[in-house]
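Enquirer: Chains A and B, in that order, are what the protein sequence lines are. In the numbering used here, each residue carries its 1-based index in the first sequence increased by 1110. In the numbering used here, each residue carries its 1-based index in the second sequence increased by 1110. Handing you a structure now.
Protein chains: 2
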Amino acid sequence: MQQTIARRARAGSPIENGRVDSVARVYQELRALIVSGQLPPGARISERAVVARMGSSRTPVRSALHRLHQEGFVASASRGGDQRLIVTPLTQKDGRELFLIVGHLEGLGAFEAASLPTARRRQIVRHLRQLNRTLGVEARRKRSPTRVFELDEQFHRAFVDDVAGPRLQSLHHSFKPQIERYVRLYVNILLDTLPTSVKEHEAIIAAIESGDAKGAQRAVETNWRNAAGRLASVISEHGERGSWHFT
Amino acid sequence: MQQTIARRARAGSPIENGRVDSVARVYQELRALIVSGQLPPGARISERAVVARMGSSRTPVRSALHRLHQEGFVASASRGGDQRLIVTPLTQKDGRELFLIVGHLEGLGAFEAASLPTARRRQIVRHLRQLNRTLGVEARRKRSPTRVFELDEQFHRAFVDDVAGPRLQSLHHSFKPQIERYVRLYVNILLDTLPTSVKEHEAIIAAIESGDAKGAQRAVETNWRNAAGRLASVISEHGERGSWHFT
DNA sequence: TAGACCAATACGGTATACCATTTCAACCGT
DNA sequence: ACGGTTGAAATGGTATACCGTATTGGTCTA
């Protein structure tokens, strides 16, 4: 019967011939809920609850959860035989590891970017400079954290996406949103450290511009290592906001 | 009816109370088949064929395939609407990316290992030295490539596993077998470059011993970058063995 | 004989039924 | 009133039926 409803919904869709790829839809919606914090860290996730909320069936939901699990957005609280899923808690240790991994992954990207022929490098550098300038402006007037996220995200994508193969890209795409979870949790405090970040970005740009691959890699890694440090001090000062369970 | 058979099989199992976690079993068996090359690169994989071979049902097989897909062991040949799965082909580009990513991931591990307190570092170093010595011996008498894989694998695990958090470990565990696919394909040729590898390992050990984090990281990355180079030259010389489809 | 068309079917996507286990809470006995 | 017991509901795992599309192999025609 639900099948009928779903089919009818599909048929009502604009031009869609049929298939809607529920798993992708469920995956994205769920991930958005987790990243935005509407599903708080530690919250239990039941397949049937998701089905009820998103109106699909268990099979695609199951696939989506499987993927989220493997990417680290949800974790198994594996009590007993079953593995019950919860939204991955935000801890200091996990945050540090996440930041360092992304740093080294992007470090590889930066290395490759700085090894490009001069023409393409110049192109990338111009883009980076523009983004970082905007970021600096946005940092001075302290508001709209969303915009800041977006700019920082674009900055880092600018020298990774263009140069990374499919594997590195997919890793980056799955890790960055998890970073975002941490950043969103401590926005206001992290916002104060923006000028430092902007300066570190300058170093990255300079290294890529001059074709200094190792330097670019080091600069990116330093940027992330410092960010990890800043996050750690913020967390230890304010407590781990995201480690409790709200059943 | 098949259910009955399965249940009976379970009951016949030694002490098992019930659940066998088919998905893990299917995942591991399939992965082994892919890594060992019994399922050749480019081979099509159909859910129902796997079911027929491994005797489970489509749901767990589907989960296992999903995971293998995300980890990169299988790829979608996405013709048309469906995404048909094939064993990921072994190409020069992909191999290079794989090696570099693992290099940078392990670089992070080495950095952390070299940052450990002296006592634990000494412990790790002793282990590393022993493994590398055995590797050197094994290199001189040229046989048993399996043993060589194992030793190299253990060497790299020795400074990653002990120090890495769960995320880095899981990445490492999913990437290393994919490296193995490439290595297995070109064993005999790659075996000649072993002495070089042993020397590079010495550099890694020395850096960890002296607590030189950046040096250790660089040494590991260099080791992998060189390995990528060696693989690339071998592939371009012998052609891409793994890029054709055997339907 | 070569190419186009058509039917059988293989396949992936989805929905759902069923089972075993765990959880949770009402209920009963002390 | 409190703690233990039991049974119902929930949950995850598995098997399977059904759908629509894409592929394929064969036949018919030019």
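Using N, Cα and C, we set each Cβ at its ideal position, and we do this for glycine too.
Return yes when the Cβ of A:ALA1174 is within less than 8 Å of the Cβ of A:ARG1140, no when it is not.
Expert: Note that residue 1140 of chain A corresponds to Leu in the displayed sequence, not to Arg. Yes, the pair counts as a contact, with Cβ atoms nearer than the cut-off.
Enquirer: Can you tell me whether DSSP reads B:ALA1274 as helix, strand or coil?
Expert: Coil, per DSSP.
Enquirer: DSSP state of B:SER1320, grouped into three classes?
Expert: Here B:SER1320 sits in coil by DSSP.
Enquirer: Could you have a look at A:ARG1118 and say whether DSSP puts it in helix, strand or coil?
Expert: Bear in mind that the predicted position of A:ARG1118 carries a pLDDT of just 34, short of 50, making it unreliable; the figure below should be weighed with that in mind. Reduced to three states, the DSSP call for A:ARG1118 is helix.
Enquirer: Less than 8 Å separating the beta-carbons of B:ARG1257 and B:GLU1263?
Expert: Going by C-beta atoms, B:ARG1257 is not nearer than 8 Å to B:GLU1263.
Enquirer: Here's the rule: buried if 16 or more other CB atoms are within 10 angstroms of the residue's CB, otherwise exposed. What is A:ILE1345?
Expert: Buried: at least 16 other Cβ atoms inside 10 Å.
Enquirer: Name the chain B residues whose beta carbon is nearer than 9 Å to that of A:HIS1266?
Expert: Those do not exist, as A:HIS1266 stays about 15 Å from chain B at its closest Cβ, beyond 9 Å.
Enquirer: Where B:ALA1329 and B:ILE1211 are concerned, what is the direct C-alpha to C-alpha distance, given to the nearest angstrom?
Expert: Those two C-alpha atoms are separated by around 15 Å.
Enquirer: Against A:SER1173, what residues of chain B qualify as contacts under a CB-to-CB distance less than 8 Å, listed in chain order?
Expert: Here the neighbours are ARG1172, SER1173 and HIS1176.
Enquirer: If you measure from the beta carbon of B:ARG1364 to each beta carbon in chain A, is any gap under 8 Å?
Expert: The structure shown does not extend to residue 1364 of chain B, since chain B is modelled only from 1111 to 1357, so the question has no answer here.
Enquirer: Starting from B:LEU1195 and walking both ways along the beta strand (DSSP E), at which residues does that stretch end?
Expert: Element bounds for B:LEU1195: 1195-1197.
Enquirer: For a test of the three-state rule: what should DSSP assign to A:ARG1154, helix, strand or coil?
Expert: It is a strand residue.
Enquirer: Could you tell me whether the Cβ atoms of B:LYS1252 and B:LEU1178 are closer together than 8 Å?
Expert: In this structure, B:LEU1178 does not lie closer than 8 Å to B:LYS1252 by Cβ.
Enquirer: Which bits of chain B does A:ARG1277 rub up against, with CB to CB less than 8 Å?
Expert: Neighbours of A:ARG1277 on chain B, chain order: GLY1182, ASP1204, GLU1207, LEU1208 and ILE1211.
Enquirer: Can you pull the chain A neighbours of B:LEU1215, defined as C-beta to C-beta under 7 Å?
Expert: Here the neighbours are HIS1214.
Enquirer: In three-state terms, what does DSSP make of B:SER1167?
Expert: Residue state, collapsed to three classes: coil.
Enquirer: Evaluate the contact criterion for the segment 1269-1279 of chain B versus the segment 1204-1220 of chain B: three or more CB pairs, one atom per stretch, below 8 Å.
Expert: With the cut-off at 8 Å, the segment 1269-1279 of chain B and the segment 1204-1220 of chain B touch.
Enquirer: Leaving out five residues on either side along the sequence, give the residues of the same chain with a beta carbon under 7 Å from the beta carbon of A:ILE1314.
Expert: The residues are ALA1220, ALA1326, ALA1329, VAL1330 and ASN1333.
Enquirer: Roughly how far, in whole angstroms, is the beta-carbon of B:ALA1317 from the beta-carbon of B:ALA1224, given that I think they are within contact range, below 8 Å?
Expert: Rounded, the Cβ-Cβ distance is 6 Å, consistent with contact.
Enquirer: What residues match up with B:SER1186 in a beta bridge as DSSP calls it?
Expert: Bridge partners of B:SER1186: B:LEU1195.
Enquirer: Between the segment 1305-1312 of chain A and the segment 1159-1172 of chain A, do three or more beta carbon pairs fall short of 8 Å?
Expert: No, because fewer than three Cβ pairs between the segment 1305-1312 of chain A and the segment 1159-1172 of chain A fall closer than 8 Å, the two stretches do not touch.
Enquirer: What's the C-alpha gap between B:ILE1289 and B:LEU1208?
Expert: Looking at the two C-alpha atoms, the distance is approximately 7 Å.
Enquirer: In the DSSP assignment, find the alpha helix (DSSP H) that holds B:SER1146 and state where it starts and stops.
Expert: B:SER1146 -> alpha helix (DSSP H) spans 1132-1146.
Enquirer: Could you tell me whether any Cβ in chain B is nearer than 8 Å to the Cβ of A:THR1198?
Expert: Not closer than 8 Å to any Cβ of chain B, the Cβ of A:THR1198 fails to qualify, so no.
Enquirer: Quick one: grab the DSSP three-state call for A:PRO1227.
Expert: Coil, per DSSP.
Enquirer: Closest by CA to B:VAL1145, which one among B:PRO1227, B:GLU1157, B:VAL1197 and B:SER1167?
Expert: When only C-alpha atoms are compared, the closest one is B:VAL1197.
Enquirer: So is B:LEU1295 in contact with chain A if we call contact Cβ pairs under 8 Å?
Expert: So, not an interface residue.
Enquirer: Measuring straight from C-alpha to C-alpha, what distance separates B:GLU1181 and B:PRO1287?
Expert: Looking at the two C-alpha atoms, the distance is approximately 10 Å.
Enquirer: Buried or exposed: where does A:PRO1170 fall if 16 or more other Cβ atoms within 10 Å of its Cβ makes it buried?
Expert: Per the 10 Å Cβ criterion, buried.
Enquirer: What's the gap between the Cα of A:PHE1285 and the Cα of B:ARG1250?
Expert: Going from the Cα of A:PHE1285 to the Cα of B:ARG1250 covers about 42 Å.
Enquirer: Can you pull the chain A residues whose beta carbon is under 8 Å from the beta carbon of B:THR1201, in chain order?
Expert: Simply none; closest approach about 10 Å.
Enquirer: Establish whether the CB of A:THR1169 and some CB of chain B are separated by less than 8 Å.
Expert: Interface residue, yes.
Enquirer: Looking only at its own chain, which residues have a Cβ that is under 8 Å from the Cβ of A:ASN1242, when we skip the five neighbours before and after it?
Expert: Here the set comprises PHE1265, VAL1308, HIS1311, GLU1312 and ILE1315.
Enquirer: Against A:LEU1218, what residues of chain B qualify as contacts under a CB-to-CB distance less than 7 Å, listed in chain order?
Expert: Going along chain B in sequence order, the residues near A:LEU1218 (Cβ under 7 Å) are LEU1210, ILE1211 and HIS1214.
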